[in-house]
Amino acid sequence: DAGVIQSPRHEVTEMGQEVTLRCKPISGHNSLFWYRQTMMRGLELLIYFNNNVPIDDSGMPEDRFSAKMPNASFSTLKIQPSEPRDSAVYFCASSSSGRLLVHEQFFGPGTRLTVL
Amino acid sequence: DQQVKQNSPSLSVQEGRISILNCDYTNSMFDYFLWYKKYPAEGPTFLISISSIKDKNEDGRFTVFLNKSAKHLSLHIVPSQPGDSAVYFCAASAQTGANNLFFGTGTRLTVIP
Numbered sequence: 016d017a018g019v020i021q022s023p024r025h026e027v028t029e030m031g032q033e034v035t036l037r038c039k040p041i042s043g044h045n046s047l048f049w050y051r052q053t054m055m056r057g058l059e060l061l062i063y064f065n066n067n068v069p070i071d072d073s074g075m076p077e078d079r080f081s082a083k084m085p086n087a088s089f090s091t092l093k094i095q096p097s098e099p100r101d102s103a104v105y106f107c108a109s110s111s112s113g114r115l116l117v118h119e120q121f122f123g124p125g126t127r128l129t130v131l
Numbered sequence: 067d068q069q070v071k072q073n074s075p076s077l078s079v080q081e082g083r084i085s086i087l088n089c090d091y092t093n094s095m096f097d098y099f100l101w102y103k104k105y106p107a108e109g110p111t112f113l114i115s116i117s118s119i120k121d122k123n124e125d126g127r128f129t130v131f132l133n134k135s136a137k138h139l140s141l142h143i144v145p146s147q148p149g150d151s152a153v154y155f156c157a158a159s160a161q162t163g164a165n166n167l168f169f170g171t172g173t174r175l176t177v178i179p
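Residue numbers (the numbering used here), protein chains in the order written: chain A, 16 to 131; chain B, 67 to 179.
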């Protein structure tokens, strides 16, 4: 299995531009998570999906952030318009929630976003 | 508000000695705890976990201890190796709740050869 795939790995953009981050979860996993890593707050959960349905988006910082999961093998996180304070590493993770006693999540390599 | 706290941002240990990483939590509903390891330019990877019905779980050089009354857990690495140098994240979950994890801010471990 290729693991969780994220693209792009690096993104540099100017303030005000739209940014779209992409994620392909591990095949067969039915939960998908978007995190943001910062020095101050560590790994923050932004939103997660179960069976393609958004379950909890309370971590999404502002209306500028949106996420979609049109099917079981693809999700996007969009920032529009982007701001310098959005600069961070964004991780996507997936897990199989059918395994009731295991909460292990598998992370992608992350997208390092820099907003100038 | 951080429900999972790692108060030591960094730790340096000599090769062969014990590394002890600490984690505190505030939510009494948490009943499952995990440690993740993260190398630069990679995503976090699962290392070891413990359920609240146990107070210790061991896997090779890695042992996690849980003190429920103190809402504290620790990760022991013995003996420490240079390849263990990474950022370690503590995470917590409520099995009976949603399957999301709450992460701490991480501790950067440096094992000095």
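Virtual Cβ for every residue (Gly too), placed ideally from N, Cα, C.
A quick note: this is a predicted structure, and the numbers were derived from the prediction, not measured.
Just to confirm, are Lys134(B) and Thr92(B) a CB contact at a threshold of 8 Å? Going by beta carbons, Lys134(B) and Thr92(B) fall outside the 8 Å limit.
Return the CA-CA distance between Phe131(B) and Val70(B), expressed in angstroms with no decimal places. Answer to the nearest angstrom: the Cα atoms are 16 Å apart.
Taking just the CA atoms, how far does Thr129(B) sit from Pro145(B)? Taking C-alpha positions only, Pro145(B) is separated from Thr129(B) by approximately 11 Å.
Step through the CB atoms of chain A and report whether any lies within less than 8 Å of the CB of Phe131(B). No, no contact with chain A.
From the beta carbon of Leu100(B), is the nearest beta carbon of chain A less than 8 Å away? Yes - at least one Cβ of chain A is within 8 Å of the one on Leu100(B).
Apply the 10 Å Cβ neighbour rule to Val79(B) and answer buried if 16 or more other Cβ atoms are within range, or exposed otherwise. Buried.
Can you have a look at Ser26(A) and say buried or exposed, based on whether 16 or more other CB atoms are within 10 angstroms of its CB? In the sequence as presented, Ser is not what sits at residue 26(A); that position holds Glu. Answer is buried; the Cβ neighbour count reaches 16.
Based on Cα-Cα distance, which residue from Glu33(A), Gln95(A), Phe121(A) lies nearest to Pro40(A)? Ranking Glu33(A), Gln95(A), Phe121(A) by CA distance to the CA of Pro40(A) puts Phe121(A) first.
How do the segment 112-131 of chain B and the segment 167-178 of chain B stand: do at least 3 beta-carbon pairs fall below 8 Å, yes or no? Because the criterion of three Cβ pairs below 8 Å is not met, the segment 112-131 of chain B and the segment 167-178 of chain B do not touch.
Start-to-end residues for the beta strand (DSSP E) that takes in Gly57(A): It spans 57-65 - the beta strand (DSSP E) in which Gly57(A) sits, taken as one unbroken run.
Give me, in chain order, the residues of the same chain whose beta-carbon lies closer than 8 Å to that of Asp121(B); leave out the 5 immediate sequence neighbours on both sides. Counting only residues of its own chain and dropping the five nearest sequence neighbours on each side, Asp121(B) has a CB closer than 8 Å to the CB of Phe131, Leu132, Asn133, Lys134.
I want to verify the contact list: residues of chain B whose CB lies under 7 Å from the CB of Phe106(A), in sequence order. By Cβ distance, chain B contributes Gly109.
Cross-chain neighbours of Pro124(A) in chain B, by beta carbon under 8 Å: Simply Ala107, Glu108, Gly109.
Straight-line CA distance for Leu116(A) to Gly43(A)? Its pLDDT being 48, under 50, Leu116(A) is placed unreliably by the model, and the measurement read from it follows with that caveat. Their backbone Cα atoms lie some 17 Å apart in a straight line.
Partner residues on chain A for Gly170(B), Cβ-Cβ distance less than 7 Å: Chain-ordered, the chain A residues with CB closer than 7 Å to the CB of Gly170(B) read Gly57.
Quick check on Thr53(A): buried or exposed, where buried means 16 or more other Cβ atoms within 10 Å of its Cβ? Around the beta-carbon of Thr53(A), fewer than 16 other beta-carbon atoms lie within 10 Å, marking it exposed.
With H, G and I counted as helix, E and B as strand and the rest as coil, what does DSSP make of Asp67(B)? Coil, per DSSP.
Could you pull out every residue in the same chain whose Cβ sits closer than 7 Å to the Cβ of Ile70(A), ignoring the five residues on either side in sequence? If we look at Ile70(A) and ignore the five residues flanking it on each side, its Cβ neighbours are Tyr63, Phe64.
Residues of chain B with CB under 8 Å from Glu119(A), in chain order? Those are Leu100, Phe112, Ser115, listed as they occur along chain B.
Bridge partners - Glu124(B), DSSP secondary structure assignment: Listed as beta-bridge partners of Glu124(B) by DSSP are Thr129(B).
Taking the beta carbon of Val68(A) as the centre, do at least 16 other beta carbons fall within 10 Å, making it buried, or is it exposed? Exposed is the call here.
Tell me whether Pro69(A) sits in a helix, a strand or coil according to DSSP, three-state version. Three-state DSSP puts Pro69(A) in a strand.
Closest Cβ-Cβ distance between Asp71(A) and chain B: below 8 Å? At least one chain B Cβ lies under 8 Å of Asp71(A).
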